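Remarks on the structure that follows.
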Amino acid sequence: QDEAIEALKTELIPIALVVTPNGPEATAITGINVVDVNSAKAAAVKLVEMGCKTAVVKGGHINEGPATDIFYDGTSFHLFTTKRVNTLNTHGTGCTFASAIAAGIAKGLSTRNSVSQAKAFVTGSIRHDLQIGNGHGPLNHFYEHWKSEESGIQ
Numbered sequence: 008q009d010e011a012i013e014a015l016k017t018e019l020i021p022i023a024l025v026v027t028p029n030g031p032e033a034t035a036i037t038g039i040n041v042v043d044v045n046s047a048k049a050a051a052v053k054l055v056e057m058g059c060k061t062a063v064v065k066g067g068h069i070n071e072g073p074a075t076d077i078f079y080d081g082t083s084f085h086l087f088t089t090k091r092v093n094t095l096n097t098h099g100t101g102c103t104f105a106s107a108i109a110a111g112i113a114k115g116l117s118t119r120n121s122v123s124q125a126k127a128f129v130t131g132s133i134r135h136d137l138q139i140g141n142g143h144g145p146l147n148h149f150y151e152h153w154k155s156e157e158s159g160i161q
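Counting in the numbering used here, the sequence shown runs from 8 upward without gaps.
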């Protein structure tokens with residue numbers, strides 16, 4: 008909704024340490040059609056110009072090539088790239104990613120290192136997904152602690 012996007016632009020983004028929109032969200036907020044790495048970079052710059060300290064435009068919704076997240080802190084870019092995992096079990100990736108970044112920052116990591124660890128955690132949670140029910144299932148947040156002979160996870 009237009010009111011929600013306007014509130015993001017004027018009330019939340021200016022006070023945010025990190026914003027983590029996916030491609031369609033970044034498009035809605037910035038007006039830049041995010042379809043590839045270059046347009047994601049442009050959207051990240053615009054988000055920082057709106058007042059946040061760091062923007063991470065997530066590449067999971069860009070359906071070509073690897074899954075590349077664009078990190079921009081107002082000074083430099085860093086691309087966090089992983090091989091795309093073909094699964095429907097991605098429900099909750101955005102919330103998990105943002106929460107993992109916040110946890111890293113709370114533990115004293117730099118924003119960039121927090122994003123790096125969050126990317127690795129979410130990728131692992133997707134890669135070791137669990138098939139629960141039908142349709143888009145959840146991530147496997149506990150993949151590092153799960154032992155399953157069938158899945159090969161130790």
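Ideal Cβ placement from N, Cα and C applies to all residues, glycine included.
Computed from a predicted structure; not experimentally measured.
Beta-carbon spacing of residue i, residue j below 7 angstroms
i	j	result
F78	H85	yes
V64	A50	yes
V26	L54	yes
P145	H98	yes
T89	A74	yes
G58	I20	yes
I108	A125	yes
Heavy atom of the ligand FAD within 6 angstroms of residue i beta-carbon
i	result
F104	The ligand FAD is absent from the structure shown, which contains no ligand whatsoever.
With 16 other Cβ atoms within 10 Å as the buried cut-off, status of residue i
i	result
C102	exposed
L95	exposed
I12	exposed
N40	exposed
K114	exposed
T82	exposed
A127	exposed
I22	exposed
Residue i versus residue j - alpha carbon distance
i	j	result
L137	N70	22 angstroms
K16	E151	37 angstroms
T61	F149	28 angstroms
E18	S123	27 angstroms
R91	D76	12 angstroms
F104	N120	13 angstroms
S46	A33	10 angstroms
A14	D80	22 angstroms
Per-residue DSSP class, three states only, for residue i
i	result
T75	strand
P145	strand
A62	strand
N45	helix
L86	strand
N29	strand
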